[in-house]
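Protein sequence lines, in the order shown, are assigned to chains V and Z. Per the numbering used here: the first sequence = residues 289 to 622. Per the numbering used here: the second sequence = residues 3 to 350. Backbone N, C-alpha and C fix where the C-beta goes; we use that ideal spot for every residue, glycine too.
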Amino acid sequence: METTNHSNSGSANSEYLLEVRNLVKYFPVRNGLLLKSQAQVKAVDCVSFKIKAGETLGMVGESGCGKTTVGRTILRLTSATSGQVLYEGRDVLKAKPRELHDLRRNMQIIFQDPYSSLDPRMQIGESVGLPLYVHGMKSAKQREEIVVAMLEKVGLESYHLKHYPHEFSGGQLQRIGIARALTLNPRFIVCDEPVSALDVSIEAQILNLLSDLQDEFGLTYLFIAHNLSVVKHFSDRVAVMYLGRIVELADRDELYQNHKHPYTKALMSAIPLPKPNHKRERIILTGDVPSPLNPPSGCRFNTRCPLSQERCSGEEPGYKEVTPGHWVACWKAD
Amino acid sequence: MNDVSNFSSNNLLEIKNLKTYFYTREGVVKAVDGVDFNVRVGEIFGLVGESGCGKSVTSLSILRLTNQSGKVVDGTIKFQGRNLLEMTEAEMKKIRGNRIAMVFQQPLPSLDPVYKVGDQIVEALLVHSKMDKRSAWKRAVELLNLVGIPDPERRAHCYPNEFSGGMAQRVMIAMSLSCEPDLLIADEPTTALDVTIQAQILELMAELRSRLGMAVILITHDLGVVAEMADRVAVMYAGRIVEEATVASLFEQPLHPYTRGLIESIPVLDETKERLNIIPGVVCDLIDPPPGCKFAPRCKTRIENNLTICDQREPHLIQISPDHKVRCWLYEDSGMSTPSVSDLEAPI
Numbered sequence: 289m290e291t292t293n294h295s296n297s298g299s300a301n302s303e304y305l306l307e308v309r310n311l312v313k314y315f316p317v318r319n320g321l322l323l324k325s326q327a328q329v330k331a332v333d334c335v336s337f338k339i340k341a342g343e344t345l346g347m348v349g350e351s352g353c354g355k356t357t358v359g360r361t362i363l364r365l366t367s368a369t370s371g372q373v374l375y376e377g378r379d380v381l382k383a384k385p386r387e388l389h390d391l392r393r394n395m396q397i398i399f400q401d402p403y404s405s406l407d408p409r410m411q412i413g414e415s416v417g418l419p420l421y422v423h424g425m426k427s428a429k430q431r432e433e434i435v436v437a438m439l440e441k442v443g444l445e446s447y448h449l450k451h452y453p454h455e456f457s458g459g460q461l462q463r464i465g466i467a468r469a470l471t472l473n474p475r476f477i478v479c480d481e482p483v484s485a486l487d488v489s490i491e492a493q494i495l496n497l498l499s500d501l502q503d504e505f506g507l508t509y510l511f512i513a514h515n516l517s518v519v520k521h522f523s524d525r526v527a528v529m530y531l532g533r534i535v536e537l538a539d540r541d542e543l544y545q546n547h548k549h550p551y552t553k554a555l556m557s558a559i560p561l562p563k564p565n566h567k568r569e570r571i572i573l574t575g576d577v578p579s580p581l582n583p584p585s586g587c588r589f590n591t592r593c594p595l596s597q598e599r600c601s602g603e604e605p606g607y608k609e610v611t612p613g614h615w616v617a618c619w620k621a622d
Numbered sequence: 003m004n005d006v007s008n009f010s011s012n013n014l015l016e017i018k019n020l021k022t023y024f025y026t027r028e029g030v031v032k033a034v035d036g037v038d039f040n041v042r043v044g045e046i047f048g049l050v051g052e053s054g055c056g057k058s059v060t061s062l063s064i065l066r067l068t069n070q071s072g073k074v075v076d077g078t079i080k081f082q083g084r085n086l087l088e089m090t091e092a093e094m095k096k097i098r099g100n101r102i103a104m105v106f107q108q109p110l111p112s113l114d115p116v117y118k119v120g121d122q123i124v125e126a127l128l129v130h131s132k133m134d135k136r137s138a139w140k141r142a143v144e145l146l147n148l149v150g151i152p153d154p155e156r157r158a159h160c161y162p163n164e165f166s167g168g169m170a171q172r173v174m175i176a177m178s179l180s181c182e183p184d185l186l187i188a189d190e191p192t193t194a195l196d197v198t199i200q201a202q203i204l205e206l207m208a209e210l211r212s213r214l215g216m217a218v219i220l221i222t223h224d225l226g227v228v229a230e231m232a233d234r235v236a237v238m239y240a241g242r243i244v245e246e247a248t249v250a251s252l253f254e255q256p257l258h259p260y261t262r263g264l265i266e267s268i269p270v271l272d273e274t275k276e277r278l279n280i281i282p283g284v285v286c287d288l289i290d291p292p293p294g295c296k297f298a299p300r301c302k303t304r305i306e307n308n309l310t311i312c313d314q315r316e317p318h319l320i321q322i323s324p325d326h327k328v329r330c331w332l333y334e335d336s337g338m339s340t341p342s343v344s345d346l347e348a349p350i
């Protein structure tokens with residue numbers, strides 16, 4: 289299929305740490321007495337991309353576009369319907385339990401909601417040290433040393449070890465979540481909306497922390513967020529998702545200055561800027577995002593697209609490389 | 003307090019020295035502690051701040067909707083010249099939803115799931131006007147049409163679960179507009195919505211404001227939303243207003259170190275920053291706040307300027323120019339008028 293071209297056209301394989309090929313995730317909607325699958329929510333529908341070692345790929349889109357599902361499927365926290373996820377050439381989705389265990393040492397996740405992602409009955413030291421235990425470090429003393437070092441890295445103190453989650457603020461809890469993700473010294477981290485539950489002044493602290501840690505440990509991030517300004521600040525390349533599809537993918541500056549897809553354009557123009565004298569032309573989309581149960585035929589954006597033509601509702605557009613590394617799925621893009 | 007702006011009949015709402023405290027087992031939480039501001043007829047007044055700064059409690063105090071543990075302990079809230087805090091509950095009922103309406107952050111939980119949305123709007127109309135049921139239903143359909151709900155006759159018969167978040171927020175706005183209020187309080191009306199839907203709702207609110215001429219208090223944590231929508235803004239921190247200005251003045255020349263910190267700490271779409279400037283630390287404890295300026299423990303400007311008074315005494319809200327007030331010791335000498343002696347001596 290044409291849509292997969294850009295995933296296969298990369299040059300040296302070793303340059304990429306993670307490669308996602310035609311990832312599909314349908315959630316069955318079960319109903320009735322026998323819980324037969326009545327329909328499918330097409331959460332992720334044929335998504336392909338690659339992430340280079342040490343870079344940050346931003347993934348942005350509105351709620352329900354499938355960005356979180358992409359992150360979770362990559363780590364096999366939910367099973368994929370089909371597709372391939374290659375981490376250093378090894379297929380995560382086909383890995384046997386033993387191999388998956390090893391792979392996960394290198395692939396971690398930071399969750400959106402810091403309050404619900406920590407066990408309220410476990411002390412912070414236990415929570416942060418648990419990944420070490422699971423991966424074979426049985427000595428409690430050794431674990432504690434690493435945990436303390438990690439907590440200090442993220443800006444907490446060693447006495448926090450014995451505290452419980454309810455004693456912390458949201459920003460501190462997110463720091464703990466980050467420490468837990470880092471204890472195994474992973475190379476790849478999925479950051480699933482790591483700052484959207486936090487206040488603005490705390491958000492900046494966490495973003496700076498994440499970028500310091502990236503420099504220090506050479507981390508590779510998949511940075512999932514709905515806030516375009518945050519994604520721009522944080523990413524090297526950015527993918528825009530709409531209804532389970534990537535509609536545009538490009539280098540950060542290219543995407544923000546020279547976006548081609550009408551959905552990206554609308555998304556950019558919809559963000560209120562903290563500049564009262566700066567008047568821009570607004571593209572206000574009409575209507576809501578259609579249901580992923582029954583996405584529109586052809587281009588999925590055609591029901592809300594200001595440029596929509598007859599062709600758009602009949603045929604799904606493939607990816608076009610408008611400039612090197614800038615991929616767009618739109619019939620009207622040139 | 004040292005509010006030097008003249009009393010003017012142009013003010014729809016005048017809040018003076020409002021204090022709302024919550025009495026909890028841990029102690030008294032001073033959620034709102036001496037807030038003054040005015041809202042003029044027909045303007046959009048933005049109230050900005052982070053969670054816990056007291057912006058929502060201020061709005062709930064206006065409608066006297068704070069829960070049992072929360073009490074307005076001091077201050078006056080004059081709406082069209084009458085103090086809302088001295089009204090009887092029966093009088094208050096005639097104000098709520100009628101003269102002052104409110105739109106909440108979460109549209110779906112704010113609607114009753116077992117009634118048709120049309121019936122919910124009809125109820126608001128029947129409570130506050132002498133309409134009969136049939137004309138109230140007609141009016142409800144008109145309102146749904148006004149807020150841009152397609153096919154309003156049919157949609158009025160739908161239940162809230164059949165609406166998306168953006169559409170439910172439109173229903174909430176339709177309901178709040180049902181009695182043509184003079185003041186609409188919108189508490190984070192777009193925070194739960196996606197950006198493209200947020201743009202729709204903000205545009206709708208701006209259009210309705212200019213068409214119906216009501217004043218709006220827009221409560222938000224998003225500086226971008228304020229910059230696009232509001233005429234004047236107040237920035238709140240730890241239960242107080244730390245800066246108040248016209249939108250243009252606030253963003254061109256933010257004076258308070260907290261406001262400056264906020265503006266610098268957010269990533270902005272059309273700028274590239276290597277690193278975000280952060281405000282260190284966290285918001286102070288509202289049960290046992292620091293004695294001086296509430297922002298002093300996090301304030302870099304205080305250290306740069308070697309100010310010692312910040313930890314000891316709280317600054318006043320000083321009028322810097324006709325459309326700009328700030329609460330910070332840095333500007334204590336540059337005010338337009340000196341506060342009276344009694345103000346300076348008042349223990350805060």
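V34/Z beta carbon less than 9 Å from that of V50/Z: The criterion of a C-beta distance shorter than 9 Å is not satisfied by V50/Z and V34/Z.
Residues bridged to C479/V (per DSSP): C479/V is bridged by DSSP to I398/V, F511/V.
Residue of L595/V, L486/V, V577/V minimising C-alpha distance to S351/V: Cα-wise, what sits closest to S351/V is V577/V.
Beta carbon proximity, D153/Z to chain V, threshold 9 Å: Cβ-Cβ to chain V under 9 Å: no for D153/Z.
The stretch 572-591 of chain V contacting the stretch 544-561 of chain V, beta-carbon criterion three pairs below 8 Å: The stretch 572-591 of chain V is in contact with the stretch 544-561 of chain V.
Contact list for P564/V against chain Z, beta-carbon separation under 7 Å: Residues of chain Z passing the Cβ test: A229, V249, A250, F253.
The stretch 520-538 of chain V touching the stretch 338-348 of chain V, judged by at least three CB pairs closer than 8 Å: Using a C-beta cut-off of 8 Å, the stretch 520-538 of chain V makes contact with the stretch 338-348 of chain V, since at least three inter-stretch Cβ pairs fall below that distance.
Check whether V173/Z and P109/Z have beta carbons under 9 Å apart: With respect to the 9 Å criterion, V173/Z and P109/Z are classified as neighbours on the basis of their beta carbons.
Close Cβ partners of T261/Z (< 6 Å) along its chain, the five nearest in sequence each way excluded: Same-chain partners within the cutoff: V237, E245.
For V74/Z and R304/Z, the rounded distance between their alpha carbons: One Cα belongs to R304/Z, the other to V74/Z, and the distance between them is close to 32 Å.
Alpha-carbon spacing of P183/Z relative to G575/V, whole angstroms: Approximately 27 Å between the Cα atoms of the pair.
The stretch 414-430 of chain V touching the stretch 458-477 of chain V, judged by at least three CB pairs closer than 8 Å: Contact between the stretch 414-430 of chain V and the stretch 458-477 of chain V is present, with at least three C-beta pairs closer than 8 Å.
Residues in the stretch 499-533 of chain V having any Cβ partner in chain Z nearer than 9 Å: Residues of the stretch 499-533 of chain V with a Cβ closer than 9 Å to any Cβ of chain Z, in chain order: S499, H514, N515, L516, S517, V518, V519, K520, H521, F522.
Per-residue burial, Y25/Z [other beta carbons within 10 Å of its own, 16 or more giving buried]: The residue in question, Y25/Z, is exposed, as its Cβ has fewer than 16 Cβ neighbours within 10 Å.
As assigned by DSSP and simplified to three states, the class of R101/Z: R101/Z falls in the coil class under three-state DSSP.
Beta-carbon gap between G226/Z and P408/V smaller than 9 Å: When the beta-carbon positions are compared, G226/Z and P408/V stay at least 9 Å from each other.
Same chain, Cβ closer than 6 Å to G56/Z, five either side skipped, listed in chain order: Around G56/Z, the same chain offers A33, V34, M238, G241 as residues with beta carbons nearer than 6 Å, after the five sequence neighbours per side are excluded.
Selected residue, minimal CA-CA separation from V332/V, among L305/V, E376/V, G602/V, M529/V: The shortest CA-to-CA distance from V332/V to any of L305/V, E376/V, G602/V, M529/V is the one to M529/V.
Close-in-space but distant-in-sequence residues of the same chain around N163/Z (CB under 7 Å, 5 per side omitted): Within the same chain, Cβ atoms closer than 7 Å to the Cβ of N163/Z are found at P115, the five residues on either side in sequence being excluded.
Near-chain V residues of the stretch 312-329 of chain Z (beta-carbon distance less than 8 Å), N- to C-terminal order: Identification of residues in the stretch 312-329 of chain Z having a C-beta nearer than 8 Å to some C-beta of chain V yields an empty set.
D335/Z at chain V interface by Cβ criterion, 9 Å: Chain V, which has no Cβ nearer than 9 Å to the Cβ of D335/Z, makes this no.
Residue range of the unbroken beta strand (DSSP E) whose run includes Q430/V: Boundaries around Q430/V are those of the alpha helix (DSSP H), 428-441, since no beta strand (DSSP E) includes it.
Residues of the stretch 434-466 of chain V whose Cβ lies closer than 7 Å to any Cβ of chain Z, in chain order: Of all residues in the stretch 434-466 of chain V, S457, G459 have a Cβ within less than 7 Å of some Cβ in chain Z.
Interface residues of chain Z facing I362/V [CB-CB closer than 8 Å]: Per Cβ cutoff of 8 Å: no residues; I362/V is ~23 Å from chain Z at best.
Reduced DSSP secondary structure (H/G/I, E/B, other) of I64/Z: In the three-state reduction of the DSSP assignment, I64/Z falls in the helix class, which pools H, G and I.
Status (buried if at least 16 other CB within 10 Å, exposed otherwise) for G447/V: A quick correction: the sequence has Tyr, not Gly, at residue 447/V. Exposed is the call here.
Length of the line joining the Cα atoms of Y544/V and L145/Z: Taken atom to atom, the span from the alpha-carbon of Y544/V to that of L145/Z is near 39 Å.
D622/V burial status per 10 Å Cβ neighbour count (16 or more: buried): The residue in question, D622/V, is exposed, as its Cβ has fewer than 16 Cβ neighbours within 10 Å.
9 Å Cβ cutoff met for I243/Z and D38/Z: In terms of Cβ geometry, I243/Z and D38/Z form a close pair [threshold 9 Å].
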